[in-house]
Each structure stands twice: as C-alpha cells, then as structure tokens.
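Taking it in order: structure first as structure tokens, then the write-up.
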Amino acid sequence: PGDADELRHWLLTRLGENTTRRHCGRAKQLFRAALRKRLIAENPFADMKGITVQANKAREFFITRDMAEKVLTACPGLEWRLIFALARFGGLRTPSETLLLRWGDIDWEHGRMTVTSPKTEHHEGKESRVVPLFPELRPLLEAAFDQAEAGSEFVIARRRNGNVNWRTQLERIIAKAGLPPWPRLFQSLRSTRETELAEHSPAQVVCA
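In this text, residue positions in the sequence shown follow the working numbering: the first is -8, and each later residue adds one.
Shown next as structure tokens:
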C-alpha cells in the first residue's frame, strides 16, 4: 500500500490530476481481480480514495449555433457536414456511434433513429437508444440518403478507414471556419447539445 501511495505521488509529478486518478483506478481494479483469483494476498490500492475522475470545468465549452453554422459551411462535402451535425445536434459519440449508424436504423416515418452505443452496451438495456430526427439533422440525412449508393448499409460510407484521424480533420475545418479549436472537440459538441436540450426538457429525458 505504501508503494501504491508513492506511485500516485510520482504520477502526479508527471501527469495531470485526472490522468493520475484514471491510472490508479485501473490499477485498483486489476489488483482486485487478482485478489479474487487468489493470486495475491491483498490489494495494495484497496484503501486509496479520491481516484474517481472529476469533471474539469476549465475544459467545458459551448459551441453556439453561429459557430456551428460556420463550421458546417467550412466542411468539405456533405458527409463531413453530417458527421459534425450528428455530434452537435444529435448528441452522438464520435466516431464510435457515428460509424455504427446504419440506414436501417433511421425511422423516417416516425422521425427517429436508433443509435448503437458500444460504450454503454455492457449495461443492461443500454446497448442502444432512440434519438429524434431533429430539424437540424433530418435535411442532411435525407440528402445523404439520396446520394448513397444502392445497397449502402452505413450512413457514413467513405470515411471508415481506421487510419483516418477525425480529430485532425475537424481541427482543419474549424480553422477554415475562422474559429479557434475548442477543448475536447467532439465531446464538447455532444455536451453542448445536452446543455441546449436541458433548457426545454427534463434532465432524465435528455439523458435517455
């Protein structure tokens, strides 16, 4: 346990507070698994407190409608406009949920789509959620559907190469729009939408 404390202090001299918390939290889980397997006699991280990652207010950023319009205008084509809009107006996790979105998930008649969520799929009933086809999203989805090749399965068809760095590309688009890059590029788009929706709907509905 003393070594675990020293490790935490050492990490803090080299990493940020939240990164240190994350490393120590993972170590605590790893040693707990070893303890349950009877591979070790005790978990040296068992008594360590304060290792939950905390929200960093300094990294919170709200992307206004005006900023979003400038970025959409700067996007190189329909597919990038849709990627951006799905995050900013649909609240999709990007790229994971965006890449998994299929045309079969779009319910045009009822104005909604089913979003598969690999991040929460290990929680019962959280493998997917239903999101409205918000007015900001539907025209872009319809245009993309009209341009899609016959038999296309995925909404985002061209940018599926694992070597493509979406963050770097979005930074270039933001620069082209004449804006400075904001913290946590894609996460801030999702959190902005959550804040926006919370002004008009109950929190539990927005989270669902």
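Idealized CB from N, CA, C, for every residue including glycine.
Compare the Cα-Cα distances from H101 to each of F52, Q178, T107 and F125 and report the closest residue. F125
Burial state of F80, where buried means 16 or more other Cβ atoms lie within 10 Å: buried
With which residues is P123 paired in a DSSP beta bridge? R103
Quick check on DSSP: helix, strand or coil for F36? coil
Assign F75 to one of two classes, buried (16 or more other C-beta atoms within 10 Å of its C-beta) or exposed (fewer than that). buried
Per DSSP, D98 forms a beta bridge with which residues? R103
Which ranges does the beta strand (DSSP E) cover as unbroken runs of at least 3 residues, wholly within the region 115 to 184, from first to last along the chain? 119 to 123
I'd like the span of the alpha helix (DSSP H) that includes G(-7), first residue to last. G(-7) to L3
How would you label A59, buried or exposed, when you count the other beta carbons within 10 angstroms and need 16 or more for buried? buried
Suppose the cutoff is 6 Å on Cβ atoms and the five residues either side in sequence are ignored; what does the same chain contact list for E118 look like? E112
Residues near L69 in its chain [Cβ-Cβ closer than 8 Å; skip 5 each side]: L131, A134, A135 and Q138
Which one of H114, L91 and K110 has the shortest CA to CA distance from M104? L91
Bridge partner(s) assigned by DSSP for R27: None, per the DSSP bridge assignment.
Going by beta carbon distance, what residues of the same chain come within less than 6 Å of R12, once the five residues before and after it are set aside? I42 and V44
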